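To keep things clear, I will list the structure first and then write my remarks on it.
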Amino acid sequence: MIWVNWRQHRSQAIACLGVLAALAVYAIVVSTSMRTAFTNDGLPACLARGPATSCENGILSFTNRFGSEVNVAFWSVLLIFPGLLGVIIGAPLIARELEFGTWRLAWSQSVTRTRWLVVKLSLVSGGVIVFGAAITAVITWYRAPMDRLTGHFIPNAYDFEGLVLTAYILCAFGFAVLAGLLIRRSIPAMIAAFVPWLVIRLVIEFVFRSHFLAPLTFVQRCNSPQSCYGGSGLGFIPPITGHIGDWVLGMGGRSTLAALKGHLGNTWVYQPADRFWTFQSIEAGIFVALTAIALGATIWLLHRRAA
Amino acid sequence: MNNDVAAGTAALRADRLGRRYGKVWGLRDCTLEVPPGVIAGLVGPNGAGKTTLLEMIIGLLEPTEGEVSVFGVTSRDRTAARLAQVGYVAQDHPLYRDFSVADMFHFGRAMNPSWDQQLAQERIDALGIPLKRKIKALSGGQRAQVSLTMALAKRARLLVLDEPVSSLDPVARLEFMQELMASAVGTGLTVIISSHVVSELERLCDWLIVLNGGRVQVAGPTDDLLEAHRLLTVPRGTPDAELPGLPIHRSDSERHSTVVVRADPALLVAQQPPGWQADPVGFEPLVMAYLQRRPELAATDDTASTTTEVTR
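Sequence order for the protein chains is A and B.
With positions in the first sequence counted from 1, the corresponding number in the working numbering is that position plus 3.
With positions in the second sequence counted from 1, the corresponding number in the working numbering is that position plus 17.
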């Protein structure tokens, strides 16, 4: 059974290794120059010495040089990548057998089709997890110098590090396997799986992610109205809380006046940097649960209905 | 096999088997019994329910009602052991296009504990099909042979072939049928082969099942069926009630009617009014008579079930 699945999926596996190799080459080239610049700008020493605010010039020159390369372009292209990868692997898994009539061959051997499917799903999901972990490792290593300045909560880091990238791929894979069984054709199944995946993915990122845990409040005291500068969002290094990696969501939180007790200043709500792994676990958990529902439904449907 | 005969276990037994697709019955009220060791031809036009019946036998399709069992094991028992009892050559010979012949055999070995690699290899060598060739590079006839080889190498006791030659050219048809005969006859293997071309089955089958409109029209040992039917030529206008036996199909010419009847042979010889003629009926005319018979008639009499009980 392992051989059968390897033989059926080896071209996909080789293509995935190709993507991984290309990404690794790109990562090594860019990350090497980034690491050199990081050291040359004196940033490691400066960050180790004291508050990040004192390294302003070094941070500015570094982010000017690498910000666009590492952040913007990267994110917009790679946003859809996990979804595409997942549906390309998932949709043909059953649909191709139905399209080419080979289900009659596959399901009439001395292996029940439930076992056929469970073994196939286990092996291919295993491959997806290994590949997702490898891509995550490459990107995490590649971004490491930048992450020391931006933290891990900005989407460019958060969406490709930790657990979520693998969970995104798995979820698109699960949706596509189910769609392939229901629609019986690979290409329409890819589309039918990709669209809901993208919607869920974006809604969770932009609507729910900041609410995974109740945010903390940071009180900013100012000596004069002029000195009370600062902004929210992820673009500020360091953020208003002064701690790299905190995700400042905006002003508000507890009543500003009550929190300030008559002093001049602002209150901000934020998610602290050390919640990264908790957030990753929550979001990955959501996508893994969706995957489990889709794959569970597939197994149940295939077991129940006769072709 | 001998144990099965002694124990009276049929290779195939269908009991009021039916399958509905939405509101349409693909097969209904199918009661059949096929003993071990026979080569049974399943004949019917396209859409008669042949594939539906065969897929339920294999376990690819769940019956809506009734039951089908192979060597006493019901298809509702969805186990690997049940699947292992039936070798299957599906219509259009589905194989993985980008696999080589050797890969297909590797697949067969991985998916079937009883796989006979030596048999597979020897057959394919004898046919002159290169093991390393990709499936997509094979001719239709070669693909059919690879499918048959895989079904045989599974070492199942029942071999089911669904329209195995309908997509092949005449030469490949002949070769396939010869190969099948050589592999099946005298080995104790039970074979069920479906076709909508009657002439293909005539030399091969010692058991006949005629299916039309989702119902079994007639079934039984070929020789017994031929013996039990006659082609009568009678004056036109002779009422059905005066005919000796059950009229199956009647065609009228200007002065005479020719009627295929089913009756006791002894009775047919005895009752011969002047001007009547009774001839033996051939395999193909017999099948055609049942195919042209209006399907609903089969439901009102019990021809199908009584005929299957004729002992060989």
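A virtual CB, placed ideally from N, CA and C, is assigned to each residue, including glycine.
Every value quoted in this text rests on a predicted model; they were computed, and no experiment measured them.
Selection 122(B), 203(B), 164(B), 177(B) evaluated against residue 7(A) yields 122(B) as nearest (Cα-Cα). At a beta-carbon threshold of 7 Å, the residues of chain A lying near residue 95(B) are 115, ordered along the chain.
About 6 Å separates the CB atoms of residue 291(A) and residue 173(A); that is less than 8 Å, so the two are in contact. Residue 69(A) carries a helical assignment under DSSP once its states are collapsed to helix, strand and coil.
The closest CA to that of residue 288(A), considering only 168(A), 245(A), 307(A), 158(A), is found on 168(A). The segment 242 to 257 of chain B and the segment 266 to 275 of chain B touch, with three or more beta-carbon pairs separated by less than 8 Å. For residue 139(B), the enclosing alpha helix (DSSP H) starts and ends at 134 to 143. Unbroken alpha helix (DSSP H) runs of no fewer than 4 residues, entirely contained in the segment 10 to 62 of chain A, are found at 46 to 52, following chain order. Put simply, the CB of residue 104(A) is near chain B, with a gap under 8 Å to one of its CB atoms. Neighbours of residue 120(B) in chain A, taken as residues whose beta carbon is under 8 Å from its own, are 10 in chain order. Ranking 124(A), 51(A), 241(A) by CA distance to the CA of residue 93(A) puts 124(A) first. A distance below 8 Å separates the beta carbons of residue 270(A) and residue 220(A). Among the residues of chain A, those whose CB is under 7 Å from the CB of residue 111(B) are 103, 104, 105, 107, 108, following chain order. Looking only at 295(B), 29(B), 107(B), the smallest Cα-Cα distance to residue 57(B) is reached by 29(B). Here residue 171(A) is buried, its C-beta having at least 16 other C-beta atoms within 10 Å. When C-beta atoms of the segment 168 to 183 of chain B are compared with those of the segment 212 to 228 of chain B, three or more pairs fall below 8 Å, so the two segments count as touching. Contact of residue 112(A) with chain B is assigned, a C-beta pair being separated by under 8 Å. Closest option to residue 255(A), judged by alpha-carbon separation, among 278(A), 151(A), 223(A), 38(A): 223(A).
DSSP places residue 180(B) outside any alpha helix (DSSP H), giving it a letter other than H or E.
Counted as a single uninterrupted DSSP element, the alpha helix (DSSP H) harbouring residue 118(B) occupies residues 118 to 128. Within chain B, no C-beta atom comes less than 8 Å from the C-beta of residue 303(A); the nearest is roughly 14 Å away. According to the DSSP secondary-structure assignment, residue 246(A) is paired through a beta bridge with no residue.
In this model, residue 114(A) and residue 107(B) are separated by some 17 Å (Cα to Cα).
Within the same chain, Cβ atoms closer than 7 Å to the Cβ of residue 119(A) are found at 109, 110, the five residues on either side in sequence being excluded. Per the Cβ contact rule, the segment 192 to 201 of chain A is in contact with the segment 173 to 182 of chain A (3 or more Cβ pairs under 8 Å). A residue is called buried when at least 16 other Cβ atoms come within 10 angstroms of its Cβ; residue 11(A) meets this threshold and is buried. Contacts with chain A (Cβ-Cβ distance below 7 Å) from the segment 228 to 258 of chain B involve no residue at all.
Residue contact with chain A for residue 75(B): present (Cβ-Cβ distance below 8 Å to some residue of chain A).
CA-CA distance, residue 229(B) to residue 158(B), rounds to 28 Å. Residue pairing by DSSP puts residue 31(B) in a beta bridge opposite 49(B), 85(B). Per DSSP, reduced to three states, the secondary structure at residue 241(B) is helical. Runs of the beta strand (DSSP E) lying entirely within the segment 277 to 308 of chain B, each at least 3 residues long, are 294 to 297 in chain order. When the Cα atoms are used, residue 293(B) and residue 280(B) turn out to be separated by approximately 16 Å. Contact annotation: residue 272(A) and residue 145(A) have beta-carbon atoms that are not nearer than 8 Å. In the DSSP assignment, residue 187(B) falls within the alpha helix (DSSP H) that extends over 187 to 201. Counting C-beta pairs with one atom in each stretch, the segment 163 to 173 of chain B and the segment 53 to 71 of chain B have fewer than three that are closer than 8 Å, which means they do not touch.
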